[in-house]
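Taking it in order: structure first as C-alpha cells, then the write-up.
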Amino acid sequence: IKLERHFGSAYSYEGICQRLMDNLSISKSKPETSIPHFKLTAPLSRYRRYTGLSARFLIYTCRVQNSAQAKPLSDAQIEFIYKEDLYKLRQISQEARLLCTHHIETSEQLFSFQDKAQRILERRLQARRHLRYQLRAKHRSPTEKETIHEQIQHLNVDIYRLRKEVELCEDIA
1 IKLERHFGSA YSYEGICQRL MDNLSISKSK PETSIPHFKL TAPLSRYRRY
51 TGLSARFLIY TCRVQNSAQA KPLSDAQIEF IYKEDLYKLR QISQEARLLC
101 THHIETSEQL FSFQDKAQRI LERRLQARRH LRYQLRAKHR SPTEKETIHE
151 QIQHLNVDIY RLRKEVELCE DIA
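Right, dumping it as C-alpha cells:
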C-alpha cells in the first residue's frame, strides 16, 4: 500500500502480481537444450593406452566427474560434506594431469621428477633473489629496473608452477 502511494499504480498489489505472472510465462517458454551426441568414426586402437598410476587416476577421475557433472552446482550451493569431495576430486584431477603430461608411469619416475623439479625450483628462487638485490641498487636507470621487474614476473610464474608440481608430487607419493 505504501509502495503504491510513493511509486504509482504499477506498484499496487495487482500490478506486482501482474508483473510476476508476465515474468513467469516468459521463463516457461524457454526451449529445452538437448545434449549433443557424437559418433566416433576413427578406430580407438591408434590412440595411446594409459597404464600404471596414470590409468588408475584417469579411471577414478572419470567416474567421479561423471557423477559430479550430472547436476552442476556452484560452490555456494554445494553442501559442506560434498565440498570436501569436490576439493579431493579437483586435487586428484590435477595429480592425474601431472602424471599424464609428464608421462610418469612408475614411482621411481615420480620421485626423480620431484627431485628434478625441486632442484629447478631452488635455482629459480636463487635467481629471483639475485634479481631483487639488483633492483635495490641505486645506480640503475628506470628502464633497467623495468626489465628486471619483467624478469622477476616471469620467474614468479615459473616458481608458482614448479611449487604446484612439487606439492602434487608429494601428495601422490
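Each residue of the sequence shown is one higher than the last, beginning at 1 in my numbering. From the three backbone atoms N, C-alpha and C, an ideal C-beta is built for every residue, glycine too.
- Across the set GLU165, THR51 and GLY15, the C-alpha of GLU165 shows the shortest separation from the C-alpha of ASP115.
- In the DSSP annotation of this structure, the continuous segment of the alpha helix (DSSP H) that includes LYS164 starts and ends at 142-172.
- Assigned with DSSP and collapsed to three states, LYS39 falls in coil, not helix or strand.
- For LEU58 against ALA96, the beta-carbon gap comes to about 6 Å, under 8 Å, which counts as contact.
- If you look at GLU122, you'll find it in the alpha helix (DSSP H) that goes 107-136.
- Distance from the Cα of ALA173 is smallest, within the candidate group SER112, ILE35, ASP158 and HIS154, for SER112.
- By the Cβ criterion, the region 90-106 is not in contact with the region 130-137, since fewer than three pairs of Cβ atoms, one from each stretch, lie closer than 8 Å.
- Counting of Cβ neighbours within 10 angstroms places CYS17 among the exposed residues, the total staying below 16.
- Within 10 angstroms of the beta-carbon of ILE104 lie 16 or more other beta-carbons, which makes it buried.
- Residue state for HIS102 is assigned as coil, using DSSP reduced to three classes.
- Inter-residue distance for GLN153 and GLN94 is about 24 Å (C-alpha atoms, whole angstroms).
- By the neighbour-count criterion, in which a residue is buried when 16 or more other Cβ atoms sit within 10 angstroms of its Cβ, SER54 is buried.
- By the CB criterion at 8 Å, ARG124 and ILE159 fall inside the cutoff.
- Put simply, the backbone Cα of LEU20 is about 17 Å away from that of GLY8.
- For CYS62 and GLU170, the gap between their C-alpha atoms comes out near 22 Å.
- CA-to-CA, the gap between SER141 and LEU155 works out to about 21 Å.
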